[in-house]
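Notes to accompany the following structure.
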Amino acid sequence: MATIDRVSGARHEVSNQALPLEDYNPFSSDRVLREAVSREGGDFAVERIERVGASAGSAEAIRWGFEAEEHRPTLTTHDRFGNRIDEVRFHPAYHDLMRLHVSNGTHASPWREPEPGSHVSRAAAFMCVSAADAGTGCPVSMTYSAIPALRTQPEIAAEWEPRFTSLEYDPRMIPAAEKTGAMCGMAMTEKQGGSDVRANTTAAVPLNGGGPGAEYELTGHKWFCSAPMCDAFLVLAQTDAGPSCFFMPRFTPDGERNRLHLQRLKDKLGNHSNASSEVEFDRAWAQLLGEEGRGVATIIEMVNHTRLDCVLGSTAGIRFGLAQAIWHAMHRSAFGKRLIDQPLMRNVLADLAIESEAATISAIWLARQFDEAHAGEHAAAARRRLATPVLKYWICKRAPSHAVECLECLGGNGYVEESPMPRLFRESPLQSIWEGSGNVQALDVLRAMVKSPDAVEAFFAEVGAASGEDRRLDAFAEATRRELTELEGIEARARRMVERMALALQASLLLRFGDQAVADAFCATRLDGDWGYAFGTLPAAADLGAIIDRHAPAR
Ligand SMILES: Cc1cc2nc3c(=O)[nH]c(=O)nc-3n(C[C@H](O)[C@H](O)[C@H](O)COP(=O)(O)OP(=O)(O)OC[C@H]3O[C@@H](n4cnc5c(N)ncnc54)[C@H](O)[C@@H]3O)c2cc1C
């Protein structure tokens, strides 16, 4: 497009710039994701996911993502008369994004329709919307994840589950019984202890003798409580028997605002559309979920699912960054050739694509383990036990370096806020921190190895399903298994072990279900060491063209 400056008369040509990647469908235009969803049991929902993808990739939804990022939520602690109201106000774009999620059931579909493949199809839909905005994924994920923990107390679940699984998004700050739908949050972390939740000091006092489902008053402080406008929260607090899990609604049963007071909102590196708060409980009303002293075991039911969503969220970011990078390279020329035709850029893009395919295939495979575990399959529950922390550790760890490299593919444009890349970059470390940081995941793998030896067997049986397909995986898997048996200094080696387990699992899945060129290059680089230290260092034999073509986004 050519424009003429009216004052100076200077001519300003705009050429060789990529068009924005919008009005595209992140599901139907994506072979790798589509194949994974079909393979892992989500075929029945393909049309539905396509509809979600079309909405999430629309220019309108992409604009919502920018607006919700730019206009951060604000906290109003008091009304003009001095009454506490503790309300968070959002830009309309945030509500539009929430509506997009909730109306498509990304917060609840497996509980509404618990058929085979429902966690898989929900995973794909969640990933599509996460590409438009990651922040809204937080309350959506917590609501989805709260249900298994809530079911510990059937009478509370009977009252609240229909609200949490409603497809109506209702942001009004009124008692949940008067609303058409509700959302659920979680408050565990305190100043003195996040990973170490047993250090929590928030105290719970029974009102009428206590016990499962009984009423308590909670007093204390939570250092992180995201999505504080949710209608209820799962909260950890101490009873005489130790950490216990509570269900705390925003309004008490008599319709009064509960005494949970938002102190301030966090000023975060990224995740700007999502409000994260510090909150004070001043004898706040709550009900006990499960037994006193069994709080960690109860809330872990929720945390397992939010960890799955960390894997999905990081994978969504990896896939989004790759699509932006390839798209830009397809439309930008330098030194007389399109970037996508420059040999060195092809190496960078192909290497990023390999990481994306490995993440996608393993994330959707993991969602299937949730489907099968919920259906009562013991082997799937055993695979899930180890694969969840292994993949949470690894895929979340890969996200920031992947985002940086994708950003660089756009050159200077990638560093400018008008592009989506700075947002992707700021978001990228978060999934690794919350729901158990990297070291905590690695230590959880060690814990599972001690407490659930069947999980180790199930994990390596899955890796071994590709046995004989590639000698590099066979050797790598055997050496990894050997490392696991050397207990000397195992805690200090935990990251290294978990990294190797993740690579072995991803290689096995790629060899069986992925593209041959991708699987071959993955094994050569990630397992056999024929690789550099940055992306873009694939060996000469890698089939760069085939790998990139498979991942190129289409409008
Ligand atoms: C944006 C955002 C939103 C959040 N929202 C919520 C929320 O809604 N609800 C909620 O409850 N929490 C929330 N959190 C808190 C989050 O879950 C914690 O920050 C996280 O679990 C880590 O806890 P911590 O910050 O206390 O760090 P620490 O527990 O002090 O950990 C610091 C570092 O030490 C490492 N570490 C800990 N223990 C060990 C060990 N034994 N060996 C080796 N290394 C170790 C950790 O891996 C980490 O790298 C949120 C955090 C962020 C950033």
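Here my numbering is used: position 492 in the sequence shown is 490, and no number is missing along the way. Idealized CB from N, CA, C, for every residue including glycine.
How many angstroms separate the CA atom of residue i from the CA atom of residue j?
{"i": "Leu347", "j": "Leu98", "result": "31 angstroms"}
{"i": "Arg435", "j": "Leu441", "result": "Checking the displayed sequence, the identity of residue 435 turns out to be Ser instead of Arg. Cα-Cα distance, rounded: 10 angstroms."}
{"i": "Ser13", "j": "Arg330", "result": "9 angstroms"}
{"i": "Tyr167", "j": "Val30", "result": "31 angstroms"}
{"i": "Ser119", "j": "Asp265", "result": "34 angstroms"}
{"i": "Cys228", "j": "Val86", "result": "10 angstroms"}
{"i": "Arg292", "j": "Ile352", "result": "42 angstroms"}
{"i": "Ala43", "j": "Asp94", "result": "23 angstroms"}
{"i": "Ala470", "j": "Leu509", "result": "Here residue 470 turns out to be Arg, not Ala, going by the sequence shown. Near 11 angstroms, if we compare the C-alpha coordinates of Leu509 and Arg470."}
{"i": "Glu33", "j": "Phe511", "result": "9 angstroms"}
{"i": "Gly135", "j": "Thr187", "result": "19 angstroms"}
{"i": "Val100", "j": "Val50", "result": "11 angstroms"}
{"i": "Gly80", "j": "Val233", "result": "28 angstroms"}
{"i": "Gly530", "j": "Glu111", "result": "46 angstroms"}
{"i": "Ala477", "j": "Asn302", "result": "29 angstroms"}
{"i": "Gly412", "j": "Pro160", "result": "43 angstroms"}
{"i": "Cys223", "j": "Thr141", "result": "14 angstroms"}
{"i": "Met495", "j": "Ala147", "result": "30 angstroms"}
{"i": "Gly199", "j": "Arg149", "result": "Reading off the sequence shown, one finds Thr at residue 199, where the question assumed Gly. Using only the alpha carbons, I get a separation of about 26 angstroms."}
DSSP on residue i, reduced to helix/strand/coil?
{"i": "Pro251", "result": "coil"}
{"i": "Glu213", "result": "strand"}
{"i": "Gly191", "result": "strand"}
{"i": "Asp369", "result": "helix"}
{"i": "Lys266", "result": "coil"}
{"i": "Phe533", "result": "coil"}
{"i": "Ser224", "result": "strand"}
{"i": "Thr574", "result": "Shown here, the chain extends from -1 to 553; a query on residue 574 therefore has no answer."}
{"i": "His329", "result": "helix"}
{"i": "Lys449", "result": "helix"}
{"i": "Leu17", "result": "coil"}
{"i": "Gly374", "result": "coil"}
{"i": "Lys390", "result": "helix"}
{"i": "Gln285", "result": "strand"}
{"i": "Val30", "result": "helix"}
{"i": "Met246", "result": "strand"}
{"i": "Glu11", "result": "strand"}
{"i": "Phe620", "result": "Limits of the chain in this structure are -1 at one end and 553 at the other, which puts residue 620 out of reach."}
{"i": "Ala464", "result": "coil"}
{"i": "Ala550", "result": "coil"}
{"i": "Ala185", "result": "strand"}
{"i": "Glu67", "result": "helix"}
Assign residue i to one of two classes, buried (16 or more other C-beta atoms within 10 Å of its C-beta) or exposed (fewer than that).
{"i": "Val309", "result": "buried"}
{"i": "Ala0", "result": "Low confidence applies to Ala0: its pLDDT is 45, below 50, so where it sits in the model is not reliable, and the reading given next is rough at best. Per the 10 Å Cβ criterion, exposed."}
{"i": "Ile172", "result": "exposed"}
{"i": "Gly410", "result": "exposed"}
{"i": "Ser193", "result": "exposed"}
{"i": "Pro137", "result": "buried"}
{"i": "Leu17", "result": "exposed"}
{"i": "Glu489", "result": "exposed"}
{"i": "Val448", "result": "exposed"}
{"i": "Arg381", "result": "buried"}
{"i": "Asn23", "result": "buried"}
{"i": "Tyr92", "result": "buried"}
{"i": "Arg170", "result": "exposed"}
{"i": "Gln285", "result": "buried"}
{"i": "Ser426", "result": "buried"}
{"i": "Gly55", "result": "buried"}
{"i": "Asn206", "result": "exposed"}
{"i": "Gly374", "result": "exposed"}
{"i": "Ser399", "result": "exposed"}
{"i": "Pro341", "result": "exposed"}
How close, in whole Å, do the beta carbons of residue i and residue j come, if the pair is a contact with beta carbons under 8 angstroms?
{"i": "Ala202", "j": "Gln236", "result": "6 angstroms"}
{"i": "Glu213", "j": "Trp283", "result": "7 angstroms"}
{"i": "Gly115", "j": "Asp41", "result": "7 angstroms"}
{"i": "Trp392", "j": "Glu497", "result": "6 angstroms"}
{"i": "Ala132", "j": "Cys182", "result": "Contact flag wrong, Cβ pair sits at about 19 angstroms."}
{"i": "Glu48", "j": "Ser26", "result": "5 angstroms"}
{"i": "Ala321", "j": "Pro152", "result": "Not confirmed; about 44 angstroms, so no contact."}
{"i": "Asp349", "j": "Gly534", "result": "5 angstroms"}
{"i": "Ser312", "j": "Cys394", "result": "5 angstroms"}
Run through the DSSP bridge pairs and tell me what residue i is partnered with.
{"i": "Leu260", "result": "Val277"}
{"i": "Gly240", "result": "Thr237"}
{"i": "Trp109", "result": "The partner list for Trp109 (beta bridge, DSSP) is empty, contrary to what the question assumes."}
{"i": "Ala201", "result": "Thr217, Gln236"}
{"i": "Lys335", "result": "Ala332"}
{"i": "Val86", "result": "Leu73"}
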